[in-house]
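Written out below as structure tokens is the structure these notes cover.
Number of protein chains: 2
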Amino acid sequence: METVTVNLGSRSYPIFVGRNLLSEVGSMLRAQNFQGGRAAVVTDSIVGKLYRDRVVETLKSAGFDPLVVEIPAGEEHKNLAWLAFLYDKLIDGRIERRTPLIALGGGVVGDMAGFAAATLQRGLPFVQIPTTLLAQVDASVGGKTAVNHSAGKNLIGAFYQPRFVVIDVETLRSLPKREFVAGLAEVIKYGVILSADLFTLIEEHLPRLLQLDAELLTFVIKTCCQLKALVVEEDETESDYRAILNFGHTLGHALESVTAYKQFLHGEAVAIGMAFATHLSHKRGLCSATVEQRVRKLLKKAGLPVDIPKDLKGDYLLFGLATDKKMAGGKVKFVCVEDFGKTCFEMLETKEIGTYL
Amino acid sequence: METVTVNLGSRSYPIFVGRNLLSEVGSMLRAQNFQGGRAAVVTDSIVGKLYRDRVVETLKSAGFDPLVVEIPAGEEHKNLAWLAFLYDKLIDGRIERRTPLIALGGGVVGDMAGFAAATLQRGLPFVQIPTTLLAQVDASVGGKTAVNHSAGKNLIGAFYQPRFVVIDVETLRSLPKREFVAGLAEVIKYGVILSADLFTLIEEHLPRLLQLDAELLTFVIKTCCQLKALVVEEDETESDYRAILNFGHTLGHALESVTAYKQFLHGEAVAIGMAFATHLSHKRGLCSATVEQRVRKLLKKAGLPVDIPKDLKGDYLLFGLATDKKMAGGKVKFVCVEDFGKTCFEMLETKEIGTYL
Numbered sequence: 040m041e042t043v044t045v046n047l048g049s050r051s052y053p054i055f056v057g058r059n060l061l062s063e064v065g066s067m068l069r070a071q072n073f074q075g076g077r078a079a080v081v082t083d084s085i086v087g088k089l090y091r092d093r094v095v096e097t098l099k100s101a102g103f104d105p106l107v108v109e110i111p112a113g114e115e116h117k118n119l120a121w122l123a124f125l126y127d128k129l130i131d132g133r134i135e136r137r138t139p140l141i142a143l144g145g146g147v148v149g150d151m152a153g154f155a156a157a158t159l160q161r162g163l164p165f166v167q168i169p170t171t172l173l174a175q176v177d178a179s180v181g182g183k184t185a186v187n188h189s190a191g192k193n194l195i196g197a198f199y200q201p202r203f204v205v206i207d208v209e210t211l212r213s214l215p216k217r218e219f220v221a222g223l224a225e226v227i228k229y230g231v232i233l234s235a236d237l238f239t240l241i242e243e244h245l246p247r248l249l250q251l252d253a254e255l256l257t258f259v260i261k262t263c264c265q266l267k268a269l270v271v272e273e274d275e276t277e278s279d280y281r282a283i284l285n286f287g288h289t290l291g292h293a294l295e296s297v298t299a300y301k302q303f304l305h306g307e308a309v310a311i312g313m314a315f316a317t318h319l320s321h322k323r324g325l326c327s328a329t330v331e332q333r334v335r336k337l338l339k340k341a342g343l344p345v346d347i348p349k350d351l352k353g354d355y356l357l358f359g360l361a362t363d364k365k366m367a368g369g370k371v372k373f374v375c376v377e378d379f380g381k382t383c384f385e386m387l388e389t390k391e392i393g394t395y396l
Numbered sequence: 040m041e042t043v044t045v046n047l048g049s050r051s052y053p054i055f056v057g058r059n060l061l062s063e064v065g066s067m068l069r070a071q072n073f074q075g076g077r078a079a080v081v082t083d084s085i086v087g088k089l090y091r092d093r094v095v096e097t098l099k100s101a102g103f104d105p106l107v108v109e110i111p112a113g114e115e116h117k118n119l120a121w122l123a124f125l126y127d128k129l130i131d132g133r134i135e136r137r138t139p140l141i142a143l144g145g146g147v148v149g150d151m152a153g154f155a156a157a158t159l160q161r162g163l164p165f166v167q168i169p170t171t172l173l174a175q176v177d178a179s180v181g182g183k184t185a186v187n188h189s190a191g192k193n194l195i196g197a198f199y200q201p202r203f204v205v206i207d208v209e210t211l212r213s214l215p216k217r218e219f220v221a222g223l224a225e226v227i228k229y230g231v232i233l234s235a236d237l238f239t240l241i242e243e244h245l246p247r248l249l250q251l252d253a254e255l256l257t258f259v260i261k262t263c264c265q266l267k268a269l270v271v272e273e274d275e276t277e278s279d280y281r282a283i284l285n286f287g288h289t290l291g292h293a294l295e296s297v298t299a300y301k302q303f304l305h306g307e308a309v310a311i312g313m314a315f316a317t318h319l320s321h322k323r324g325l326c327s328a329t330v331e332q333r334v335r336k337l338l339k340k341a342g343l344p345v346d347i348p349k350d351l352k353g354d355y356l357l358f359g360l361a362t363d364k365k366m367a368g369g370k371v372k373f374v375c376v377e378d379f380g381k382t383c384f385e386m387l388e389t390k391e392i393g394t395y396l
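Residue numbers (the numbering used here), protein chains in the order written: chain G, 40 to 396; chain D, 40 to 396.
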């Protein structure tokens, strides 16, 4: 088992990464000074079926009295109505101020359960067990919790740090291949923006990663968490520097938005966005052709899309970009690459962006 | 104008107390580095009628583009449904991450608008203009925001500090006398638990206070904010010491609860609770008979109730106490008095409490 510490003063917390950690959650809670009693588990209809029994068992054998609340799987349920359902079930289940609330699942479960934990009784202790690669390398670090609003994603939320995070790499075996690959997009992102070493490692060992080699997965996920932690420690509430994590996300979000979130998984849209941001960086003389080629090649080898589908190019996509949250003064902010591990921000007018599409 | 600073590190903020400050809100925002653009005002149907125009005017003349959202007055609207209404109106009104959200009203408006500010886009800058005495001396300091749930009050909320607070003592002239007097209960509370000087001052100048002498009100409200700030600075998230502010609230909450929040204003129930807690303190040999008499006498002179209505004494009230959030291990935690400015916590079994009723 590896441990990454996210250093945020009094809100610091450890991330445990390794094999078969699901069965350790009960004793981990004990080690973090939880004394037994009620423990709430929030999961969804798919992950619940696979792993709830193991979590319930470890909680029981450590002396806890588990309450499991299931929400239906899928981003379309990440809203205020299902949050109200969560509140009702948790309050009915007699949670108290010290009751740990454990999120068992992917991003939707983590975001919603995290927001419920942030707001029930003005804050319950929160524990995350992310079961998708994306949630493991992204949502484990940063404390972003939220639900969607019909006007936009994650419009209602809070920054709220967990007490600890448990990443059991074995849970990735039940993840659909397409979702695993989409998660790799974020892994590659950390390589591009923060670590040439990580990028090279993925280039060299991609087949082993795709075969879910547990040792390599543990190392790679740990590294991603460490890299993201360094960024979040610098800028917890995203006032400035943390925005580098949006590399590939500016175009990515626009692609997701103009396709109503139906055509691409998040990581797939981000992969196209990263290829585009690297292309743009090269065209503007910020990075070499080699950097652009290596990024494109690795994304493709991983099984990720890199080109904007022809039918999506055009004004509609530019309009999607122009309504991005990161827009300021009529320009769109792009995270660009100078070299592996070296980024800069560029403000572009939509007209100029159009010339690179 | 007087200024109290609440010292909470990077979340520190000033409270401005004085006359006719409503017309200064626009320039105060400017002075706090807000650059114009959208400014959202949340108020209720009663306070809105009285003061929204003045606030809109000061915002406009300082170069802001005000959006006013009104919720119906009354605690029964402090719930998730009206919060969702608030979210919709604010999002429709194109608020952005830097849009200041101004709460103009009493406790309900402050709590709900504060929670909306805490959670929209994971946190908008929040400004409070409390217009009731209770909100001015209580909600201005501490950052507690929340909505109610059918299972209990303030079950869903967050700790979220405002950027600044504006207390215009002139707004108290429009406050119903009964509400002003109920607010005095909290003022007297600060005297009992934290400051013999404040208690003596109120004893000596009660008539002037009841006549709404602006200079005296400014001094008293400023003092209450300073005293509460000292407590909150010590213990921001109520892990321990901050609980002394619950003096009078243990029985007070039970009284409100068994009468379904219809018979007493909060301050009235707290007044009875303070008289009881002081009585209990005397009976247990913690404070002198003089302390008990002075507390009772001042509350009565202010026009507050001090005795538990006969029809409410009995098992039902004890049951109300036994379900208090501050219950631990079958005992109820009371804040007791040793002398003015000196308190202690006592754990009592409900059976023993019954003997003092």
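For glycine and all other residues, C-beta sits at the position ideal for the given N, C-alpha and C.
Cβ neighbours of Leu245/G within its own chain (closer than 8 angstroms, five residues either side excluded): Leu337, Lys340, Ala341. Residues of the segment 155-171 of chain D with a C-beta atom less than 8 angstroms from some C-beta of chain G are Ala157, Thr158, Leu159, Gln160, Arg161, Gly162, listed in chain order.
When secondary structure is reduced to three states using DSSP, Glu109/D falls in the strand class. Here the segment 150-169 of chain D lies against the segment 199-215 of chain D, with 3 or more beta-carbon pairs under 8 angstroms apart. Non-local beta-carbon contacts of Thr82/G in its own chain, meaning distances under 7 angstroms to residues more than five positions away in sequence, involve Arg91, Val107, Glu109, Leu143, Gly144, Val148 in chain order. Taking 8 angstroms as the CB threshold, Gly145/G stays off the interface with chain D. Contact note: Gly196/G reaches chain D through Thr158, Arg161, using a C-beta cutoff of 7 angstroms and chain order.
Rounded to whole angstroms, the Cβ separation of Leu251/D and Arg217/D is 14 angstroms, and the two are not in contact under 8 angstroms. The way I'd put it, the segment 92-106 of chain D doesn't touch the segment 296-316 of chain D; fewer than three beta-carbon pairs between them come closer than 8 angstroms. No Cβ of chain D is located within less than 8 angstroms of the beta carbon of Tyr52/G. Apart from sequence neighbours up to five positions away, the residues of its chain that approach Arg133/G with a beta-carbon distance below 7 angstroms are Arg77, ordered along the chain.
Under the Cβ criterion of 8 angstroms, His188/D is counted among the residues facing chain G. For Ala152/G, no CB of chain D lies under 8 angstroms from its own CB, so it is not counted at the interface with that chain.
For Cys263/G, the enclosing alpha helix (DSSP H) has its first and last residue at 253-273.
Between Leu319/D and Phe373/D, the C-beta gap is smaller than 8 angstroms, which places the two residues in contact.
Contact of Ile347/G with chain D is not assigned, every C-beta pair being separated by 8 angstroms or more. Looking from the CA of Phe303/D, the closest CA among Asp236/D, Asp346/D, Ile206/D belongs to Asp346/D. Close partners of Lys183/G in chain D (Cβ separation under 8 angstroms): Arg161. Per the Cβ contact rule, the segment 50-70 of chain D is in contact with the segment 247-262 of chain D (3 or more Cβ pairs under 8 angstroms). Interface flag for Ile110/D against chain G is unset, since no Cβ pair is found closer than 8 angstroms.
For the segment 110-142 of chain G, the beta-carbon criterion of a distance under 7 angstroms to any beta-carbon of chain D is satisfied by Leu119, Ala123, Tyr126, Ile130. Phe238/G: member of the alpha helix (DSSP H) spanning 235-249, first to last residue. Exposure of Phe358/G is indicated by the presence of fewer than 16 other C-beta atoms within 10 angstroms of its C-beta.
In terms of CA proximity to Glu114/D, Val186/D leads the group Asn46/D, Ala156/D, Val186/D. Taking all protein chains shown into account, Pro105/D has 16 or more neighbouring C-beta atoms within 10 Å of its C-beta and is therefore buried. CA-CA distance, Ser66/D to Val226/D, rounds to 30 angstroms. DSSP, read as helix, strand or coil, puts Tyr300/D in coil. Beta bridge pairing from DSSP links Tyr52/D with Val45/D. Looking at the backbone, the Cα of Thr170/D and that of Val220/D are separated by about 14 angstroms. The alpha carbon of Ala157/G has as its nearest neighbour, out of Asp177/G, Gln175/G, Ile195/G, the alpha carbon of Ile195/G.
With distances taken between CA atoms, Phe286/D lies nearest to Asp177/D out of Asp131/D, Leu119/D, Asp177/D, Arg69/D. Rounded to whole angstroms, the gap between the alpha carbons of Ala282/D and Lys183/D is 13 angstroms. Membership of Thr184/G in the beta strand (DSSP E) is indicated by the continuous run 183-188. Between Lys192/G and Ala310/D, the alpha-carbon positions lie close to 46 angstroms from each other. Contact annotation, Leu237/D with Leu248/D: C-beta distance approximately 12 angstroms; criterion of less than 8 angstroms not satisfied. Minimum Cα-Cα distance from Val334/D among the listed residues Ala224/D, Gly393/D, Leu125/D corresponds to Ala224/D.
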